[in-house]
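Notes to accompany the following structure.
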Amino acid sequence: MNVLLFLIFCQGIILSVTRGASSCAVVQMGNSQIIGEPIMYGENIVNQYLGIPYAKPPLGDLRFKPTVPLDDFPETYEALYPPPACRQYTEVPFPWYFNDTCMSEDCLYLNIWTPADASPQNLKPVLYFIFGGQFGLGSTKPSFYSGVALSGEGDVIVVTVNYRLGPFGFLYTGTDDAPGNAGLWDILTGLRWVNENIRYFGGDPSQITISGQGSSAVAVGRFTESPVASCLYSKLIMLSESPANLQTEFSDIMIDHSKELAMLVGCATDEQYICDPSVSRCLQSVSADLLERAEFQLAPDRPGYFRPVYGDEINPTNPRRDVFEGNFDCKPLFTGNVRNEGSIFLTTNSRDYFGFYGEKNSPVTRKRALNTTQQLLQVFPDLQASMDSCNPNLDLEFMLENNLYEIPDGSSDCLRYETYTGFGDIGIVCPTVYFAEQCAAQGNDVYYYFFDHRDSDTPFANWMGVTHFSEVQFFFGLPLLYPDDYTPAERKLSKEMVGYWTNFIKYGQPDPKWPKYSKENPIYQVIGGEKDAEKYGQGPHQTDCENFEYAFRNL
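Note that full-length UniProt numbering has the sequence shown beginning at 1, numbered continuously upward.
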């Protein structure tokens, strides 16, 4: 069917969408028509639009540079196919990496799901979701990040966005050719596009909730600190991280990493400065395959080898200090953690000893625990100041080691648990807590969850518990979309979580009975957990976070 006939066909049946007898959906966006596909969700219809471009392809001399918005949109655009993932490579089976064979540098697209009755006359609240993956892995792959359940169950519009990763998104030479943070500019440009155009899809631009998990929660938090992102969002959902972390001092490190990459692909010599224009021109011309595999060669266990920096328009000042000084524009916030945030990073960094999935179950002595702790802490560049200090209140490594010395040397399970819990607290839990406390101090409503369900089909060893990223499949409603892959209890849990998330998107509160969170009253609500377990808790991990706070504030 040619495009003209397809459009005529779609326009002829679009009025019958609510009756479920349709095969396409059309949105008139200015002078352009965007063609999507209605998807049945139970008795409801969700209109799905995949692969909508929001920026010029970052090819040629646009590689590594800030995003260039589209200045022209096709008269007719078939938004029927998933967009390619942005370029990335790893041989490590991270759960947020889908080994997608369809990858391209031309990847700046977003996906939109809308309730069938959404229209410019019937506006719905919007979720703008950013996938995580340590700024090096991930995509908007619809089979995992599908917005069908959230939209169909919760009556909201869902948007997912692709952005550049690894060196393509975060190479930094300190020059205009590679100023860093290209991936953040992608996300911001997509958010601006949504603000300008979501009304055509029936979305309310005054009710946009921005959300991310892990590293993308850091990105969300960084936008609250940014002078160029104000007025683009009304609520925040930040899962398992925040910019209050100890990974802010990356400028010099990213210069070094960029130089290493340039040398490895033959674009620089040891004597050349990375700011030499010939180096950038060479890096813009080498193949994407060569770049991504060189990054993997430099850091096979660390997809976050290239990360955001500060000192530009997006983040002029140190993001962690901005949090503690209150220099950010917070909004109503829904945030939280899973029970065992640190366990997957223990196995990732010690695959030979533990196995990636924890399957080796190797014994842990105190010496092994101490050595592993030192190794894990190397991912936090901000800790260098504490290692050079004589102030014990700044020495987080010393605090973690003290915790380990309190455990008998023969208690392998306890030493292993304390090792990954301490790392998880420093890396994820406490930064999440600190951001929530500071957001509440501004007078915002803050709600905190603690996810405590180990999914029935997890590949991770029992000792790893409820691992980082576990909650994502449940609030995206995968058990509702693929019920045969989950237990009845998990389908019930997922329906409950979709309700919490969409209630917050619509009303700014996950549930009327959910307690508000603050430093003075740090009460979280448990999601999942045993049937007779406590529904509420205090913290989480309050002792560690109180002990670490002085260092986080003063490093």
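We treat Cβ as the ideally placed atom computed from N, Cα and C, and that holds for glycine.
Of the choices the options, whose alpha-carbon is the least far from that of residue i?
| i | options | result |
| --- | --- | --- |
| Thr372 | Ala25, Asp352, Gln384 | Asp352 |
| Arg199 | Tyr49, Glu225, Lys124 | Lys124 |
| Leu394 | Ile426, Met263, Arg366 | Ile426 |
| Tyr448 | Gly133, Pro120, Tyr109, Lys516 | Lys516 |
| Pro479 | Gly443, Gly180, Ser146 | Ser146 |
| Asp532 | Phe250, Glu241, Asp452 | Asp452 |
| Gly132 | Phe94, Ser119, Thr114 | Phe94 |
| Gly46 | Ile52, Pro53, Pro38 | The sequence shown places Val at residue 46, not Gly. Here the closest residue by C-alpha is Pro38. |
| Gln134 | Asn318, Cys275, Phe345 | Phe345 |
| Gly443 | Tyr500, Thr175, Pro332 | Pro332 |
| Phe476 | Met497, Asn462, Ile237 | Met497 |
| Phe306 | Gly60, Thr467, Gly169 | Gly169 |
| Gln509 | Lys259, His468, Ser139, Thr209 | Thr209 |
| Met254 | Gly499, Glu341, Gln378, Gly174 | Gly174 |
| Glu530 | Asn554, Ala489, Asn547 | Ala489 |
| Tyr507 | Gln207, Arg192, Gln28, Ile35 | Gln207 |
| Ala461 | Pro82, Ala219, Asn361, Gly528 | Asn361 |
| Cys275 | Ser285, Ser258, Tyr233 | Ser258 |
| Glu78 | Ile407, Asp106, Cys102, Cys24 | Cys24 |
| Leu188 | Gly424, Tyr54, Tyr420 | Tyr54 |
| Ser139 | Lys492, Thr101, Asp155, Val156 | Thr101 |
| Pro57 | Arg164, Gln378, His541, Gln28 | Arg164 |
| Asn197 | Gly212, Gly221, Ile157, Ala182 | Ile157 |
| residue 636 | Asp409, Gly358, Leu264 | No answer is possible for residue 636: the residues shown for the chain start at 1 and end at 555. |
Just checking my contact of residue i with residue j at CB under 8 Å: how many whole Å lie between their CB atoms?
| i | j | result |
| --- | --- | --- |
| Asp382 | Thr348 | About 20 Å separates the two Cβ atoms, so there is no contact after all. |
| Val159 | Ile112 | 5 Å |
| Leu396 | Ala551 | 5 Å |
| Tyr89 | Gly51 | About 22 Å separates the two Cβ atoms, so there is no contact after all. |
| Thr114 | Ser143 | Rounded, the Cβ-Cβ distance is 19 Å, inconsistent with contact. |
| Cys439 | Cys330 | 4 Å |
| Tyr524 | Gly336 | 7 Å |
If you run the structure through DSSP and keep just helix, strand and coil, what is residue i?
| i | result |
| --- | --- |
| Ser104 | strand |
| Cys86 | strand |
| Phe296 | helix |
| Asn361 | coil |
| Gln28 | strand |
| Ile428 | helix |
| Asn371 | helix |
| Gly422 | helix |
| Leu404 | helix |
| Tyr517 | coil |
| Pro69 | strand |
| Pro277 | helix |
| Pro115 | strand |
| residue 559 | Given that the chain is displayed from residue 1 to residue 555, the structure contains no residue 559 and the question cannot be resolved. |
| Asp61 | helix |
| Val433 | helix |
| Ala489 | helix |
| Ala533 | coil |
| Tyr550 | helix |
| Lys331 | coil |
| Gln272 | coil |
| Cys545 | helix |
According to DSSP, residue i sits in a beta bridge with which residue or residues?
| i | result |
| --- | --- |
| Pro540 | Paired residue(s): none; Pro540 is not in a bridge. |
| Asp452 | Gly528 |
| Leu50 | Leu80 |
| Leu110 | Ile52, Val161 |
| Met40 | Ile45 |
| Gly336 | Leu239, Tyr449 |
| Gln33 | Gln28, Thr76 |
| Thr467 | Asn340 |
| Ile523 | Gln538 |
**Prompt:** If you scan the segment 188 to 268 from start to end, which runs of the alpha helix (DSSP H) of 4 or more residues do you find wholly inside it?
**Reply:** 215 to 224, 251 to 264
**Item:** Runs of beta strand (DSSP E) lying entirely within the segment 120 to 201, each at least 3 residues, in chain order
**Value:** 124 to 130, 157 to 161, 172 to 175
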